[in-house]
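See structure below.
Residue numbers (this note's numbering), protein chains in the order written: chain A, 84 to 298; chain B, 5 to 319; chain C, 1289 to 1776; chain D, 3 to 695.
Set out below in structure tokens:
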């Protein structure tokens, strides 16, 4: 079983997890889904590392495994518990519409990829479209997710998309950059978490629901 | 073009002649009106007697009037008489030294009118104000039409210099008349009563009546001042008639400065003025005075005539 | 020398930030603040001199070229002005309780970290580092936006951090794509992300990939730069942040994002031809100018008004780049500086006004000229300059942008641009005129004007007027060289 | 060369004046005195410069490079005949304003703080300086800079006058419209600079020669609209009657008398110089448009003026009228220029008329505004209904105002008549050249011009009469006293100018030679108009080749004086002695000020005659005691509104405001929307630009 096919399958799985996140009614399910997604990314990293013998990719895979598969999801779940939102929250737009949009995004990405023709260096022809699709879908999650946590999850998801693209289209970004990016992500998530809890504690509302500033 | 030029002295002579004949024209008009209304009426020289009487009298001045009030009659008279200097009386042809043209003439008359109106406001009575306001209204309806009539003839001659205009028509004026001239003249006939302050626009004979225009402005003047104003209005009248005659039938030998020529010209001028005066008298005694706000319609007739005349000239 | 400066420069604000944690005394904090900014200015000038004489210098992932220096100069000057302004502003803010005296040091610390990240952004040669620094600015400034702690501030901060993070993650995606094709053409390892290295191979790059990459960067960094329609977070954040921070956000931060766009524009221009990136910039610029207009006209909140104005002016910069050509680019860069200075002044002046009247509602602020003659005058001047009236700087840059548009023959764009400019002029003058003239309200505080805010404002006003009357040869040279970098 | 030196001197003076605003820190009065003194000096220097150029070698252009401020443009000054002439106009009025100013500001607002005085001194000097150097500008950039500087400074002066919001609103309208105009000018200039690659006028001229007709015409109309906004031509005039009255009176004099003329300068510069084709007449559309615009402005301006009760507002509307008259001359010159036959000569006559009316209007409108200023400074009332009887209290002001009134009403023997006479002559000649509709338009214009004169006379009979004559209607007017001497001197200077230009206009023609000859590349003014010597005005050969119409204002004036002397003797009558004083006759009642005719009453007949144009609003509220025959009180309120304002501007403004309100109301502060927009933007952009072509 050759590397390209593996990457293709992983890409498909990633898209599937993304759909799960989109459709997830309860937030903690979405968190599990994104953790799974990160795990898939890590696996993809490992596969590419064996395929290309690029040592940096091992490191990246490791970091992804530890940080994005274990640490950050735990942080999120902790926040979820602190905010004890268990019940279903109705999405901003009906789930059907969301999925329809998702389909549009995917189609657009593949159309785009097709218009480009094969990208030299890319592991497979599908790497780029899948990457674009993942990134955009992640943002779609943020746009449609009702709560702040949905948005944080969506942010992860789209970051994952970028990482996947970076790995499969180039042999990953330079290590130092990769680490810097991940550090930034961690910082951002921490700041967001603090904000969410702060608002929850001061005015008992979800920060993503605030809409007093307008016009 | 044709015509040797009139010396300055001659111009002054004509001016004096014009001014001295002014009251007579009024007298004639009054007399004719009286006759038409089957009255005896005062003699034709009555205006002169009035003037002399007024210049003998003392002055009563309104307490609110400023120094300007005393200057008004002087300036008005001066402006009107100066206008008289611009009318060719017995001879057409340009003066040796250019003085003024039809526009300047109308300008001087307008100046006189403006000052009269201002003076009327000075005394600060309702009559003066009313007279001034209405006079200005009529004036600004009349002046453009006058200007257009002047233009309708000037376009043909290419100049607004009255002497040259007259000379340009030459002696064969009646043969040279075109439709435009008839229309222009008609417009002039409509305007004349308004410009000379007579029925159907104004009523020179009444005092203390709300319909009056010009007389209302004179209300506060007295003695010599009033005399000046009256003399000015006499002059204004004859100047206007002179303007009409110069524009439309400049009959009068344009060359030859000898005595006979002079007498001929004077006679011709006298007859022309007489005819126009009689016309005014007839109009005055055969029409009723219009309501003030019907006046624009009345003058509108003149406007249309003048505009058509111009159009005919140009098209 | 210059190379050392490259790593010293980011260090200065970082150290200042660290020093802040050593004390709680407001005076000492302000002193450190001003000192740090002054040193930063001095070192920057030295660096500028070096570069002007000896050409661009690079050190690892950092590189000082004329293009970056344009933005760096703006950054440090504004930082100094902000430091001076902060002294008096802080005193007042603490007095009325907007700021808690014990938490001042964290505030100062964050401000300087924020500055440090921006310094790295403008000095970054490696596009990855550029991205990291940019995200860094987002995180630090997001905390500052929410600093007042009431839930309006937090709402603004949340919107700010979420939307801009999305934006620059798009930016990262674009970066990845470009570096991917660069790596394919022999720029290996860390070079694959080094701007100067990529520029060497730029003409060979795969145009398709670069196109997509540029669009991702355009939208991504454009979000951060406040280009419409990705601008929605901007008025919220800029109106909720503490005034000095608003000045930095509007004055510099959005310009740094623009620098990111410009870096990629040069790559895209080399790879897919000049016309491509300029037309994208043109569209976004025009949209921004148009979208900003109604919100400026119907605005009631003073600081939101200024926020939307930033949208308009970023749009004008984008228009200048989009009209292209040396003149347009020169004008755009000049506009970056002019707008930065003027907008900071505007925020300062309105900050004092808001402090006087205790509200941001422009319907309440009346007769400022009567209660604060100098502040009122400065606000009026800033407004006039923003509206593009000579002898103030923005007139000159708008003139150049307009000329570029006319010479490029973009008549529709020019027509739309001009009509919007006139309408915005009317709106702005209407708002500010109503605030400055007339009879002051009762609750307006009549206390005399403090020196430090005035000093900061007068400094900026002087620069604003000076640049409106002349362009010094040194600045001109800098802009010329920077223009060459972009236009080639 | 000493002319250049005085140019520098002028700059130095205005600069010093601007700086002297700092003196207000110590003493506001001192700042006022020094600042206005500097303005005076600058204006005198300006006169020196312009006379030096106008009377110097023909065709000589004084040009002087300025220090390089902007790397992309060379700034320079170049003073040719046209520039010099307008510089003269500006300086002449500035002299009066500078003499008049300090006393006015002190008497009008004695309690003004030093800040305001400093602002006024600074703005005044910047204002006058910008206008002066605008005319001397040798390149597009300094032209634009001066142009906007002028606008900005006058805006400051408008809003500086007092604290109420009315001035701020007037200033806003002014500033916005001016800016709109400027934008158009910028487009034109930049288009040319882009073609030329340089900013200086010579290069622009060269670049314009390469343009095709349609482009040329488009550019001209852009510029024309831009300048017409500043000049206040109908329907772009709405800002004018609001802004001019709001400023301090000597500034109003400058704005009305001079600033509008700067726009005329711009039109001439563009129409005859920059955009003019190398050979052959201008495109007909230019001249006819200007002519018609002028006619409309003239008539509507004076019609609206007639219904004003605010003294300064009335004067401001008259500026619209006079700009119209000037435009008629300009348009006629554009039509006739370079036409075969008598066209060339007539064009010179028309342009001479326009230029002469420019300085005439500057003189008498300046005089009138200063006169109004003295009244306002003493009474603090602008509504003439509340004045009256001032002629006895401030005789000098009254006399000079009357002089100005006669002049502006185009009555001989003052200067207003001269320029209108020339305009009429040019129109008459035009009728000879054009047959068919074109001729009719010209004739109609002539008729409208005549009407305008009549209306102006009526208007000023009202303005002067109601303000200065009769009885004082309020205590303000009751307690008025004569204005301080320095103000009277300022007015007298302009009054003297009106008389001189009216009685001996021939001598002024020499000054018009340079501009007319340079612009029209034909015979100069004096070659045509004063062919028979300076005492006679003649229009050269008319279209039909008949000899010219010639008048001599001098002779007529002399005649008037002689006759007036005679009439004075007559007036004193036979019986000398002081006149008996008695109350005015009011049918036996004791006269009070309520008997006086008010401005509204005076204008009533005309309001009815022109009701179609005015659409007057009137409401009569009568309180009756039970039966309608017993009337307790009747309240009458009537107003005439400016059609352009209500029909065009208010609608546009309302439309834009409503639109933006609704748009703003649509925006919900939901973050999801924000994200959606970002995503959508990316999506659309990818589809638009991303997909390979």
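Just so you know, even glycine gets a beta-carbon here, dropped at the ideal spot from N, CA and C.
Paired residues, beta bridge with residue i - DSSP
i             : result
residue 64/D  : 81/D
residue 60/B  : In the DSSP output, where bridge partners are listed per residue, residue 60/B has none listed.
residue 624/D : 636/D
residue 641/D : 619/D
residue 67/B  : Partner(s): none; residue 67/B has no beta bridge.
residue 583/D : 65/B
residue 684/D : According to DSSP, residue 684/D bridges with nothing at all.
residue 539/D : 553/D
8 Å Cβ cut-off: residues of chain A touching residue i
i              : result
residue 1461/C : 214, 215, 218, 244, 245, 248
residue 1481/C : 256, 257, 260
residue 681/D  : 219, 222, 223, 226
Distance between beta carbons of residue j and residue i, contact taken as under 8 Å
i              : j              : result
residue 602/D  : residue 640/D  : 7 Å
residue 1405/C : residue 1428/C : 6 Å
residue 625/D  : residue 635/D  : 5 Å
residue 98/A   : residue 182/A  : About 12 Å separates the two Cβ atoms, so there is no contact after all.
residue 1530/C : residue 1596/C : Actually they are not in contact, since the Cβ atoms of residue 1530/C and residue 1596/C sit about 19 Å apart, beyond 8 Å.
Neighbour list for residue i in chain D, Cβ cutoff strictly below 7 Å
i              : result
residue 1499/C : 691, 692
Contacts that residue i makes with chain D (C-beta to C-beta distance below 9 Å)
i             : result
residue 295/A : 671
Within chain A, the residues that residue i reaches when beta carbons sit closer than 9 Å
i              : result
residue 1420/C : 260, 263, 264, 266, 267
Proximal chain C residues relative to residue i, where beta-carbon distance stays under 7 Å
i             : result
residue 167/D : 1725, 1726
residue 181/D : 1710, 1713
Contacts that residue i makes with chain D (C-beta to C-beta distance below 8 Å)
i              : result
residue 1552/C : The contacting residues do not exist; residue 1552/C stays about 13 Å from chain D at best.
residue 65/B   : 581, 582, 583, 584
residue 227/A  : 674
Neighbour list for residue i in chain C, Cβ cutoff strictly below 8 Å
i             : result
residue 195/D : 1691
Residues that residue i contacts on chain A, provided the C-beta gap is smaller than 7 Å
i              : result
residue 1440/C : 295, 296
residue 1453/C : 238, 271
* Asked: What alpha helix (DSSP H) runs, 4 residues minimum, are completely inside the region 229-264 of chain A?
  -> 231-252
In the region 230-252 of chain A, which residues sit with their C-beta less than 8 Å from some C-beta in chain C, listed in chain order?
231, 234, 238, 241, 242, 244, 245, 248, 249, 252
Chain C contacts from the region 658-678 of chain D (Cβ-Cβ distance under 9 Å): 658, 659, 661, 662, 663, 664, 665, 666, 667, 669, 671, 673, 675, 676, 677
query: Could you give the uninterrupted runs of the beta strand (DSSP E) lying entirely in the region 135-159 of chain D, keeping only those of 3 residues or more?
result: none
Below 7 Å between beta carbons is the criterion; list the residues of the region 118-140 of chain B that meet it against any residue of chain D, in chain order.
118, 121, 122, 125, 126, 127, 128, 129, 130, 133, 134, 136, 137, 138, 140
Taking a Cβ distance cut-off of 7 Å, strictly less, list which residues of the region 227-250 of chain B are near chain D, in chain order. 227, 228, 229, 232
Point to revise | Uninterrupted alpha helix (DSSP H) stretches inside the region 449-496 of chain D (no shorter than 4 residues) | key: The region 449-496 of chain D contains these whole alpha helix (DSSP H) runs: 477-480.
inquiry  = Please list, in chain order, the residues of the region 62-82 of chain D that have any C-beta partner in chain C closer than 9 Å.
reply    = If the cut-off is 9 Å between Cβ atoms, the region 62-82 of chain D has 69, 70, 71, 72, 73, 74 near chain C.
| task | Select from the region 275-287 of chain A all residues with a C-beta closer than 9 Å to any C-beta belonging to chain C, and list them in chain order. | result | 275, 277, 278, 279, 281, 282, 285, 286
- At what residue ranges does the region 105-160 of chain A contain a whole run of the alpha helix (DSSP H), taking only runs of 4 or more? 110-135, 138-146
Fill in: Short-range partners of chain C found in the region 132-148 of chain A, where Cβ spacing is below 8 Å
none
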